[in-house]
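Novice:
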Amino acid sequence: MTRTPFAVKGGGHSHNLGFSSTSGVHISMARFKDIVIHEDSGTVEIGAGLTWGEVYAHLVPKGINIVGGRMDPVGVAGFTLGGGYSWKSNQYGLAVDNVVGYELVLPNGKVKVVTDKDEDLFFGLKGGFNNFGIVTKFTVKSHKQTDIWAASFKYVGEQIAEAQAAMAKFVTREHDHKGAQFGVYIYTKGSLLFEISLFYDGPELPQGLYDEFFDLPNTSRSIFKGSYAAFVESMSHLMPEQRNGYSHGSPILHLTEPIIKAIANETEFWGEWLSKHDENVLVSSAFDPFEPDYLTHGGPSAHPPDRSRAYLPASMFIAWSKPLVEKYMEDAIRRSGEALVTAGIRDGQDLENAAPYVNYVMFDTPLEKMYGGGLERLREIRREYDPEDVMGLTGGWKF
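When you read off a place in the sequence shown, starting at 1, and then add 64, the result is the number in our numbering.
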C-alpha cells in the first residue's frame, strides 16, 4: 500500500504552503455546497465547500444568519475548524461555538455525524482542523437577521495618533454586544493608512456608541445601512490580492494605546524596510477589540485551549511580487510577531501562556503554543480515530 500525500481544499484561504495544496492527490470540496435551513431546530446545514459570501447570499434575504466570516471569499471549512472570529462574536462567540454537528468522513472511510454526545471528537473538531478526518458538512445554530449599520473611517499622517487614542479610550468602556470593531493598518507605496471599521447588528446605531470616532478628523468616511450580506461583500477590499504572502499572529490581552501604537510601528517599520527589496510590498496589520466575555459563549475546545482569559488576535500579513525575496519577508513577519508580544509584556500583560490564533500563525508555530495542555488529549483522540495516520498525509497542523 502506498502512502501518497494529499490535500483537502475548502476555500483555500490559508497562506501556509501545503495546508490546502500538495504535489500529490488534491481533494476539492467545491461541490459540497448544500445549504439546508431547519426552522424547527433553529439550525442550518452548510457544506464544507462554501464560502461565507455564498452562505450569506442564501440566508440573509430570508432573515436568517449564522456566525461566520467577516469577508466574502473566506471558506467555511478552515475558518470554522480553526475557531472563527465574526462580526457576531461579541453576541454568540466564535463560529465553532455555534456548531452543533459535523458530518465527518473518518480515515477508515466511514461517515459519522459528530455531536456533543461524542465528547472527544466534538472537542477535537473545535479548533483541531482535519486531524480526525474530512468534514463535509456543518450543522450550525441560526439567528434572526435584520438590516445592519456600519461605518468605515480612514486616517493618515497626524490623524492616526488621534484615532489611536480614541480606540484606546473606546475599548475601556462597556458596550452593546451587537457592536463590533475592526482596525487595520496598511503600508504600501511609502505611506501608512489606518482604517477603522465599525459594525452594529441592527438597522439603527444607538446614540453615543461610536461618538469618539465621529468627532475625529479623517481622510474619508463612509456609512452603510442595509443587508449584512452586502456589508460583508464590501469588506473584502481589506483582503489582499492572492499573491506571494505570509501571515502571522500574536495574542494580546488588552488593546491599550501603547499596543495599538506598537502595531502601527511594526507595520510602518517593516513596510519601509521591505520596500527596499520589493517596491510593491504590502504590509497590513489588524486587531480586534472584542468584548471581555466573548469566549464565554462556548464550552471546552481544542482551540482556544483556555477560555478563562479572552486573548485578542493581532495579525500581520505581508504580500510581495518579486522573486527571491521570500527570506526577507519571512524574517520580518516572525520578528514583528515577537516584538508585539514583547510590547504586550512591557505593557504589563500576562502573555506567557497565551495561545495565538491558529488561523493566523505561521506554518511552523509549535503545537504546544497553540493547543496548550490539551495537546496530549488531542493526540490520544487522533490515535483512536486514525491509528494508521492517514490524515498525517495531508497538510495543516498535525497532532
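A virtual CB, placed ideally from N, CA and C, is assigned to each residue, including glycine.
Spatial neighbours of Met135 within its chain, please: C-beta separation below 6 Å, excluding the five flanking residues on both sides.
Specialist: Counting only Cβ-Cβ distances below 6 Å, and skipping sequence neighbours, we find Met299, Ser300 and Met303.
Novice: Mind checking whether Leu319 and Pro353 have CB atoms under 7 Å apart?
Specialist: Yes; because the gap between Cβ atoms is below 7 Å, this pair is in contact.
Novice: Grab me the residues of Glu390's own chain with a C-beta within less than 6 Å of its C-beta, minus the 5 sequence neighbours each way, in chain order.
Specialist: Correct list: empty, nothing qualifies.
Novice: For Ser311 and Tyr424, which I take to be in contact (beta-carbon distance under 8 Å), what is that distance rounded to the nearest angstrom?
Specialist: About 6 Å; that satisfies the 8 Å criterion.
Novice: Closer than 6 Å by C-beta to His102: which residues in its own chain qualify, once you throw out the five before and the five after it? Chain order, please.
Specialist: Result list for His102: empty, nothing under 6 Å.
Novice: According to DSSP, which residues form a beta bridge with Ile130?
Specialist: In the DSSP output, where bridge partners are listed per residue, Ile130 has none listed.
Novice: Thinking Leu439 and Gly188 are a contact (beta carbons under 8 Å), I'd like their distance in whole angstroms, please.
Specialist: Rounded, the Cβ-Cβ distance is 11 Å, inconsistent with contact.
Novice: Enumerate, from N- to C-terminal direction, the unbroken beta strand (DSSP E) stretches of 3 or more residues contained entirely within the segment 326-375.
Specialist: Listed in chain order, the complete beta strand (DSSP E) runs (minimum 3 residues) inside the segment 326-375 are 346-351.
Novice: Rounding to the nearest angstrom, what Cα-Cα distance links Ala326 and Ala407 in this structure?
Specialist: So the alpha carbons of these two residues sit roughly 7 Å apart.
Novice: Would you call the segment 328-335 and the segment 146-163 in contact, with 3 or more CB pairs under 8 Å?
Specialist: Short answer: they don't touch.
Novice: Starting from Thr107, follow the beta strand (DSSP E) in both directions and report where the run begins and ends.
Specialist: Thr107 to Gly111 is the extent of the beta strand (DSSP E) around Thr107.
Novice: When the distance is taken between beta carbons, is Thr458 closer than 7 Å to Ala214?
Specialist: For Ala214 and Thr458, no; Cβs fall outside 7 Å.
Novice: Over what stretch of residues does the alpha helix (DSSP H) that includes Ala294 continue unbroken?
Specialist: Element bounds for Ala294: Tyr292 to Ser298.
Novice: Where DSSP assigns a beta bridge to Ile260, which residues make up the other side?
Specialist: DSSP lists Phe217 and Gly247 as partners of Ile260.
Novice: Helix, strand or coil for Phe193 per DSSP?
Specialist: Coil, per DSSP.
Novice: Suppose the cutoff is 6 Å on Cβ atoms and the five residues either side in sequence are ignored; what does the same chain contact list for Phe427 look like?
Specialist: Excluding positions up to five away in sequence, the list reads Asn80.
Novice: Would you kindly work out how many angstroms separate the C-alpha atoms of Asn162 and Gly132, rounded to a whole number?
Specialist: Computed Cα separation, rounded: 10 Å.
Novice: At the 7 Å Cβ level, is Lys462 part of the contact set with chain D, yes or no?
Specialist: The chain labelled as chain D is not found in the depicted structure, where only one protein chain is given.
Novice: Can you give the Cα-Cα distance for Tyr120 and Ile130, rounded to whole angstroms?
Specialist: Cα to Cα, Tyr120 sits roughly 8 Å from Ile130.
Novice: For the segment 151-202, which segments carrying the alpha helix (DSSP H) assignment without a break, of at least 4 residues, lie completely within its bounds, in sequence order?
Specialist: Fully enclosed alpha helix (DSSP H) runs of 4 or longer: 153-156 and 183-189.
Novice: In three-state terms, what does DSSP make of Ser379?
Specialist: Here Ser379 sits in strand by DSSP.
Novice: Between Ala366, Ser385 and Tyr358, which has its C-alpha nearest Arg373's C-alpha?
Specialist: The residue with the shortest Cα to Cα distance from Arg373 is Tyr358.
Novice: Take Glu444 as the anchor and find which of Asp395, Lys462, Pro322 and Gly157 has the nearest alpha-carbon.
Specialist: The candidate whose alpha carbon is nearest that of Glu444 is Lys462.
Novice: Looking only at DSSP bridge pairs, what is His77 linked to?
Specialist: DSSP output for His77 lists no bridge partner at all.
Novice: Measuring straight from C-alpha to C-alpha, what distance separates Trp384 and Asp342?
Specialist: Going by the C-alpha atoms only, they are around 7 Å apart.
Novice: How many angstroms separate the CA atom of Arg371 from the CA atom of Gly254?
Specialist: Cα-Cα distance, rounded: 40 Å.
Novice: For the structure I just gave you, are there three or more beta carbon pairs, one from the segment 393-402 and one from the segment 331-338, closer than 8 Å?
Specialist: Yes, the segment 393-402 touches the segment 331-338.
Novice: So the alpha helix (DSSP H) Gly408 belongs to, where does it begin and stop?
Specialist: First-last of the alpha helix (DSSP H) with Gly408: Glu390 to Arg410.
Novice: Tell me whether the beta-carbon of Gly191 lies closer than 7 Å to the beta-carbon of Ser365.
Specialist: Yes, these two residues count as a Cβ contact at 7 Å.
Novice: Alpha carbon to alpha carbon, how far is Asn34 from Glu448?
Specialist: Residue 34 falls outside the range modelled here, since the chain spans only 65 to 463, and no answer is possible.
Novice: Rounded to a whole number of angstroms, what is the C-alpha to C-alpha distance between Phe381 and Asp104?
Specialist: Each residue's Cα considered, the two are about 42 Å apart.
Novice: Count the other C-beta atoms from every protein chain shown that fall within 10 angstroms of the C-beta of Gly363, then say buried if there are 16 or more, exposed otherwise.
Specialist: When all chains shown are included, Gly363 counts as exposed.
Novice: What is the rounded straight-line gap between the Cα of Gln223 and the Cα of Asp211?
Specialist: Rounded to the nearest angstrom, the two C-alpha atoms are 31 Å apart.
Novice: So, is Lys90 buried or exposed, given that buried needs 16 or more other C-beta atoms within 10 angstroms?
Specialist: It is worth fixing the name first, because residue 90 is His in this sequence and not Lys. Exposed, because fewer than 16 other Cβ atoms sit within 10 Å of the Cβ of His90.
Novice: Do you know how far the Cα of Phe217 is from the Cα of Glu497?
Specialist: Only positions 65 to 463 of the chain appear in the structure, and residue 497 is not among them; the question remains open.
Novice: Rounded to whole angstroms, what's the CA-CA distance from Lys176 to Gly165? Just pull it up for me.
Specialist: If you take the alpha carbons of Lys176 and Gly165, they lie about 10 Å apart.
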